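Down below is the structure, laid out as structure tokens.
In mature numbering (1 follows the signal peptide of the UniProt record, and there is no 0), the protein residues as written are -23 to -1, 1 to 498.
Right, here's the structure in full:
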């Protein structure tokens, strides 16, 4: 009897699984049929931008911008269909047909979502990959540009520089980041202490909402326009393009990058940097990258702090400034290198991680005591050979002190000394050991708790981290559940984001594990 019961249970599970597969196969076929018939005259062009698992290019298109190989394993859920639209009507068709057949949408511009949420879902889903929507239309006279979301930061810099070497856009350091994702989460970068975030320099946008309507700033209204500039991607609609304000850069910029080990007083220098860097002039971008290296004397592992700065101006101004403000660093004239703005973007001074990684973030409002830094070093030194740990500390201050924390959803402004971006990376062959590295990262984050912002412990939405809270896998969440992570990213701006979501997407069509939920319940 027991074995009969067991067999029936197994049969039930198999039938349920088959019915899910069959349902998803049906919705997949119906979805494709819907796409082809949405614009019958365009059916030949839409077939060129649809990839299903039977298509020989499917894997190449899917993998083309997966930036974190933690989400490129045989067990990672794959989309039923990838659509790479060439125009807005193909985006509208994909939204319409996904809604009709109960499929979720993931929207990808550069593929840099740290938790893979722009291309992974646990429910049957479709990826809208904006790779073909990447035009950059520069208007030098009015110092503006229309930029499509699929363009990378590098392409935006390059296209503006083609037209004017003294204009640019305040965007990210990493050139492969998609402009759509960057602006959706705020976007700090080399110029943010002078000009604010990427999102602070957006003056219009074109968005397709859950009903397939194409809206600009005027028709979407100021609430929705506010929400899309820093409220996180994948909650409010699909932004096709952004109208951005261009900013001025001088003909010459100056950079330095100097490393100091523990044996060369890295602890004391980093402690001092906390007081100096946030108070430097707005023209200075300042970062410290903390990694490990072999000490040359005896080959033992030590901590290396690499102090990196970029100054909007010549060395003749920057050298005396640094010698006055930070003499302890011991900079000499030879450390300062003059170049053009575009050359500074191409110089690879910013550490890149291995293919698989886990990241977290913190904001710091009080300088860490030296003893706290000393307690940090043993943890960094315990990472084994297979892992690479790099912690980036980025100075705030400058104009960020003057912009209200409610100006956009991004609230980490006045009183923030610096942001920490924690990273642990490993090679793909180490993916089986990923849990070991992720546990190490969680332990480090736990150690830092007493020294960083509190109530809430703030985090940066563009350094997506599902450890700090999540909706259910199907994207549904109560206001209370979503507040756990929402306040860390947005502080009190979270309530306004919920209000905007309730107004613009009440049925929660655009959703993922950290999307803004509708309704205060």
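Glycine is no exception: its CB is placed at the ideal position from the N, C-alpha and C atoms.
On a predicted model such as this, the values are computed, not experimentally measured, just so you know.
Taking the Cβ atom as the reference point for each residue, do residue i and residue j lie within a distance shorter than 9 Å?
| i | j | result |
| --- | --- | --- |
| residue 99 | residue 450 | yes |
| residue 140 | residue 128 | no |
| residue 108 | residue 71 | no |
| residue 283 | residue 272 | no |
| residue 175 | residue 213 | no |
| residue 149 | residue 173 | no |
| residue 374 | residue 266 | no |
| residue 5 | residue 58 | yes |
| residue 474 | residue 445 | no |
| residue 390 | residue 406 | no |
| residue 397 | residue 338 | yes |
| residue 202 | residue 190 | no |
| residue 46 | residue 408 | yes |
| residue 131 | residue 162 | no |
| residue 344 | residue 245 | no |
| residue 87 | residue 159 | yes |
| residue 447 | residue 491 | yes |
Would you identify the three-state DSSP class for residue i, choosing helix, strand or coil?
| i | result |
| --- | --- |
| residue 313 | coil |
| residue 54 | coil |
| residue 364 | strand |
| residue 319 | helix |
| residue 8 | helix |
| residue 257 | coil |
| residue 76 | helix |
| residue 373 | coil |
| residue 272 | coil |
| residue 436 | coil |
| residue 109 | helix |
| residue -1 | The predicted model places residue -1 with a pLDDT of 49, which falls under 50 and marks its position as unreliable, so this point remains unresolved. |
| residue 83 | strand |
| residue 500 | With the chain covering only -23 through 498, there is no way to say anything about residue 500. |
| residue 496 | coil |
| residue 29 | strand |
| residue 231 | strand |
| residue -20 | Reliability fails at residue -20, whose pLDDT of 41 lies under 50, so the model's placement of it is uncertain and no value is given. |
| residue 192 | strand |
| residue 242 | coil |
| residue 150 | coil |
| residue 41 | coil |
| residue 304 | helix |
| residue 71 | helix |
| residue 200 | helix |
| residue 61 | coil |
| residue 225 | strand |
| residue 91 | coil |
| residue 380 | coil |
| residue 165 | coil |
| residue 145 | strand |
| residue 48 | helix |
| residue 102 | strand |
| residue 288 | strand |
Look up residue i in the DSSP assignment and give the residues it is bridged to.
| i | result |
| --- | --- |
| residue 236 | 283 |
| residue 218 | 125, 183 |
| residue 18 | Answer is none; residue 18 lacks a bridge partner. |
| residue 171 | Partner(s): none; residue 171 has no beta bridge. |
| residue 155 | 129 |
| residue 395 | 341, 372 |
| residue 266 | 283, 369 |
| residue 334 | 402 |
| residue 177 | Looking at the DSSP assignment, residue 177 forms no beta bridge with any residue, so it has no partner. |
| residue 117 | Paired residue(s): none; residue 117 is not in a bridge. |
Between residue i and chain B, is the shortest Cβ-Cβ distance under 9 Å, so that the two count as touching?
| i | result |
| --- | --- |
| residue 124 | As a matter of chain content, chain B is missing from the structure shown, which is built from one protein chain. |
Would you check if there are 3 or more beta carbon pairs closer than 8 Å linking the segment 351 to 366 to the segment 164 to 184? Too few Cβ pairs lie closer than 8 Å, so no.
Counting pairs of Cβ atoms below 8 Å between the segment 426 to 434 and the segment 366 to 379, do you hit three or more? Judged by pairs of C-beta atoms under 8 Å, the segment 426 to 434 does not touch the segment 366 to 379, as fewer than three such pairs exist.
Stretch-stretch touch, CB-based, cutoff 8 Å, three pairs: the segment 86 to 94 with the segment 40 to 60: A contact is defined here as three or more CB-CB pairs under 8 Å, and the segment 86 to 94 meets this definition with respect to the segment 40 to 60.
Please confirm if the segment 106 to 122 is in contact with the segment 25 to 44, defined as three or more CB-CB distances below 8 Å between the two stretches. Proximity of the segment 106 to 122 to the segment 25 to 44 meets the contact definition, three or more beta-carbon pairs being nearer than 8 Å.
Between the segment 415 to 428 and the segment 455 to 469, are three or more C-beta pairs nearer than 8 Å? Judged by Cβ distances under 8 Å, the segment 415 to 428 makes no contact with the segment 455 to 469, as fewer than three pairs qualify.
Give the list of continuous alpha helix (DSSP H) stretches no shorter than 4 residues that lie fully inside the segment 403 to 487. Those alpha helix (DSSP H) runs which fall completely within the segment 403 to 487 and span 4+ residues are 411 to 425, 456 to 467, 470 to 481.
Any contact of the segment 78 to 90 with the segment 198 to 206, i.e. 3+ C-beta pairs under 8 Å? No, because fewer than three Cβ pairs between the segment 78 to 90 and the segment 198 to 206 fall closer than 8 Å, the two stretches do not touch.
Meets three-Cβ-pair contact criterion under 8 Å: the segment 307 to 317 and the segment 223 to 231: The segment 307 to 317 vs the segment 223 to 231: in contact.
With contact counted as at least three CB pairs below 8 Å, one residue from each stretch, are the segment 213 to 224 and the segment 182 to 192 in contact? The segment 213 to 224 is in contact with the segment 182 to 192.
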